[in-house]
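Working notes for the structure below.
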Amino acid sequence: MMADHRSAKFHKLRDSFAAVVVPIEEVVNSPVRLIHWIGVSLTSRETLLEENAQLKAQQFLLQARLQKLLTLEKQNAQLLELLKSSPQVAGKVAVAQLLAVDLSPDVQEIVLDRGTRGHVYRGQPVLDAYGVMGQVIDVGPLTSKVLLINDPRSAIPVKDYRTGDRAIAIGLGSTDQLAIINLPPTNTVKLGDLFVTSGLGLRYPVGYPVGVVSSISRGVKTGYTEIQLTPSAHLDRTQQVLLAWPNHADMLSEVKKELAKKLPSATYWRVNNNAS
Amino acid sequence: MQASLFRDICWILLSVIIALILTVMPLPADIVWMRPEWMFLIIYSWLTLAPHRVGIGVAWLAGLWLDIATGSLLGQHAFVFACIGYLVLRFNSRAQQLPLWQQVIVVFVLTMLSAALQYWIMGFAGLAPATWAYWLAPVTSAIIWPVINGLLKRCPLKMR
Chain Y
0 MMADHRSAKF HKLRDSFAAV VVPIEEVVNS PVRLIHWIGV SLTSRETLLE ENAQLKAQQF
60 LLQARLQKLL TLEKQNAQLL ELLKSSPQVA GKVAVAQLLA VDLSPDVQEI VLDRGTRGHV
120 YRGQPVLDAY GVMGQVIDVG PLTSKVLLIN DPRSAIPVKD YRTGDRAIAI GLGSTDQLAI
180 INLPPTNTVK LGDLFVTSGL GLRYPVGYPV GVVSSISRGV KTGYTEIQLT PSAHLDRTQQ
240 VLLAWPNHAD MLSEVKKELA KKLPSATYWR VNNNAS
Chain X
0 MQASLFRDIC WILLSVIIAL ILTVMPLPAD IVWMRPEWMF LIIYSWLTLA PHRVGIGVAW
60 LAGLWLDIAT GSLLGQHAFV FACIGYLVLR FNSRAQQLPL WQQVIVVFVL TMLSAALQYW
120 IMGFAGLAPA TWAYWLAPVT SAIIWPVING LLKRCPLKMR
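Protein sequence lines correspond, in order, to chains Y and X. Each residue of the first sequence is one higher than the one before, starting from 0 at the first, in numbering that gives the first Met the number 0. Each residue of the second sequence is one higher than the one before, starting from 0 at the first, in numbering that gives the first Met the number 0.
Spelled out as structure tokens, the structure:
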């Protein structure tokens with residue numbers, strides 16, 4: 000037990016044990032999949048035609064917006080070249096499905112159906128269509144476990160999209176809110192502000208939405224502000240997640256640029272340009 | 000391997016696998032804390048029904064498999080099952096002859112003890128659950144135990 004809690008090398012050994020429970024997880028997951036398959040097979044033709052038309056319309060709109068995105072990307076690359084910095088290369092992403100298994104009720108973790116065979120690594124960021132979901136903590140040969148951002152053990156470096164204030168978002172456990180800590184007291188955070196990843200831990204790629212401010216309470220006696228975020232990702236409703244393989248060198252250069260910027264409240268952060 | 004030993008091992012393995020499946024099955028968030036500790040109940044039943052087949056070693060292995068399946072600290076359940084297995088084998092040889100309500104009380108005491116030991120171990124690692132609902136599981140386990148015991152008694156195993 001002590002080895003499991005303390006040593007990272009033991010974790011590699013433990014991960015290979017995960018193969019022993021894959022059959023159990025498959026058995027639990029298959030009724031859910033079966034019910035879903037039956038539901039899909041028995042849907043009426045009208046419903047399917049309607050859904051098809053809706054999806055085609057949505058795809059048409061998205062394609063149109065995508066054209067604009069390609070132009071913007073090209074412009075961005077040109078501007079970056081003008082500023083003599085290297086253009087961004089999008090890393091690889093892959094889709095994984097959730098397995099319908101429940102681990103201990105007091106931890107917020109999910110199990111994915113991709114493991115070392117699918118090139119998943121420990122510490123890999125996991126996103127859904129709406130924001131950051133968490134990071135991979137255990138990788139078996141065929142499955143992996145993800146720690147969600149609302150687990151008390153999770154902490155993400157974030158920054159306010161509007162003001163650029165940097166902070167850390169920690170999970171609060173069973174509530175679906177995140178708490179913001181380490182925000183400088185001279186911040187100007189408002190309700191509805193979006194917090195995105197700042198990339199400072201070199202774990203999560205920069206700029207992905209983490210949450211929107213849902214409550215700010217300034218303690219009159221203590222003087223501390225308690226800020227809570229509602230996560231952008233649909234943590235309890237997603238069936239599929241995106242696994243990202245961010246480019247480490249790009250993340251490093253982004254973080255260096257970020258640290259070199261001067262913030263309005265930066266007079267008391269000592270900007271250390273030698274940090275790597 | 001003799002035919003009867005093979006058959007017994009199959010039944011025990013089947014019951015352990017079913018316990019694992021019931022343990023990781025997804026439940027709605029309102030009742031997930033009230034899930035009985037299936038593996039504990041099945042191992043306890045085997046220890047009192049067929050101690051010549053299921054001993055402390057089997058209890059430890061079952062606890063280890065449960066640890067891997069639920070992602071808890073590796074060895075937490077294994078250690079607790081082995082301790083309680085020892086208590087059961089040493090002091091509980093005539094448990095099956097007691098009246099049913101007394102057996103349920105014994106099971107309740109043992110599940111509470113198991114929950115307390117696990118809470119202690121998780122506390123060392125900083126993983127102790129912060130909710131009182133954690134202590135509901137022993138209650139539901141004790142309530143559902145007569146059902147499990149009745150089912151397992153009907154297995155065609157060589158009982159003591």
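By construction, the Cβ of each residue, glycine as well, lies at the ideal position given by its N, Cα and C atoms. All figures in this text were calculated on a predicted structure; none of them were measured in a lab.
Give me the Cα-Cα distance between P104(Y) and P183(Y), rounded to the nearest whole angstrom.
34 Å
Do L13(X) and L72(X) have their C-beta atoms closer together than 8 Å?
no
Buried or exposed, going by whether 16 or more other CB atoms sit within 10 Å of the CB of P86(Y)?
At P86(Y), the pLDDT of 46 sits below 50, so the modelled position is not reliable and the matter cannot be decided from this model.
Out of F39(X), L40(X) and R52(X), which has the shortest C-alpha to C-alpha gap to C9(X)?
R52(X)
Counting only beta-carbon atoms, is A99(Y) nearer than 8 Å to chain X?
yes
Out of curiosity, what's the CA-to-CA distance linking R269(Y) and V254(Y)?
Any reading at R269(Y) needs caution, since the residue's pLDDT is 46, under 50, leaving its predicted position unreliable; the model's value is listed next. Approximately 15 Å between the Cα atoms of the pair.
Should the region 67 to 81 of chain Y be called in touch with the region 94 to 107 of chain X, which here means at least 3 C-beta pairs below 8 Å?
no
Helix, strand or coil: which one does DSSP assign to M132(Y)?
strand
Inter-residue Cα distance where the pair is D192(Y) and I226(Y)
11 Å
Tell me which residues share the same chain as A2(Y) and place their Cβ nearer than 7 Å to its Cβ, disregarding the 5 neighbours each side in the sequence.
F9
Going along the chain, which residues of its own chain have a beta-carbon closer than 6 Å to the beta-carbon of A99(Y), five neighbours each way excluded?
N28 and V31
Helix, strand or coil: which one does DSSP assign to V27(Y)?
helix
Spatial neighbours of H4(Y) within its chain, please: CB distance less than 6 Å, with the 5 preceding and 5 following residues excluded, ordered by chain position.
none
Does W64(X) have its Cβ less than 8 Å from a Cβ in chain Y?
yes
Report the partner residues of W244(Y) according to the DSSP bridge assignment.
K91(Y)
Kindly say whether K189(Y), judged by its beta-carbon, lies nearer than 8 Å to any beta-carbon of chain X.
no
K8(Y) CB to nearest chain X CB: under 8 Å?
no
Between which residues of its own chain and L201(Y) is the CB-CB distance below 6 Å, once the five residues before and five after are set aside?
M250
7 Å Cβ cut-off: residues of chain X touching V119(Y)
Ordered by position in chain X, no residue passes the 7 Å Cβ test against V119(Y), which lies about 16 Å from the chain.
Looking only at its chain, what residues have a beta carbon closer than 6 Å to the beta carbon of L19(X), apart from the 5 residues adjacent to it on each side?
A68
Report buried or exposed for I34(Y), applying the criterion of at least 16 other Cβ atoms within 10 angstroms of its Cβ.
exposed
Three-state secondary structure (DSSP) of D192(Y):
coil
Name the chain B residues that come within less than 8 Å of A17(Y), Cβ to Cβ?
Among the protein chains in the structure shown, which are Y and X, there is no chain B.
Got a sec? Which residues, its chain only, sit under 8 Å from V88(Y) by beta carbon, not counting five neighbours each side?
Confidence is the limiting factor: at V88(Y) the pLDDT is only 47, short of 50, which leaves the residue's position unreliable and the question unanswerable from this model.
Minimum Cβ-Cβ distance from H4(Y) to chain X less than 8 Å:
yes
Comparing the C-beta of P86(Y) with each C-beta of chain X, is any distance below 8 Å?
Low per-residue confidence applies at P86(Y): pLDDT is 46, beneath 50, and the placement is therefore not dependable, though the value from the model is reported in the following sentence. Chain X, which has no Cβ nearer than 8 Å to the Cβ of P86(Y), makes this no.
Take the Cβ of E284(Y) as the centre, count every other Cβ of all protein chains shown within 10 Å, and call the residue buried at 16 or more, exposed below.
Summary: the structure shown does not reach residue 284(Y), with chain Y confined to residues 0 through 275, and so no result is reported for it.
Rounded separation between A28(X) and L97(Y) - CA only
17 Å
Cross-chain neighbours of I23(Y) in chain X, by beta carbon under 8 Å:
I16, L19, I20, V23 and A68
Could you pull out every residue in the same chain whose Cβ sits closer than 7 Å to the Cβ of L234(Y), ignoring the five residues on either side in sequence?
M132, L147, N149 and D175
Give the DSSP-derived three-state secondary structure of T266(Y) in the structure shown.
Model confidence at T266(Y) stands at a pLDDT of 46, short of 50, so the residue's coordinates are unreliable; what they give is reported in the following sentence. Helix.
Rounded straight-line distance, which links the Cα of V108(X) to that of L21(X):
22 Å
Could you pull the DSSP bridge partners for L147(Y) from this structure?
G133(Y)
Using 8 Å as the limit for Cβ to Cβ distance, is K11(Y) near chain X?
no
K158(Y), enclosing beta strand (DSSP E) - first and last residue
A154 to D159
Validate contact between the region 138 to 154 of chain X and the region 72 to 92 of chain X using beta carbons, cut 8 Å, 3 pairs:
no
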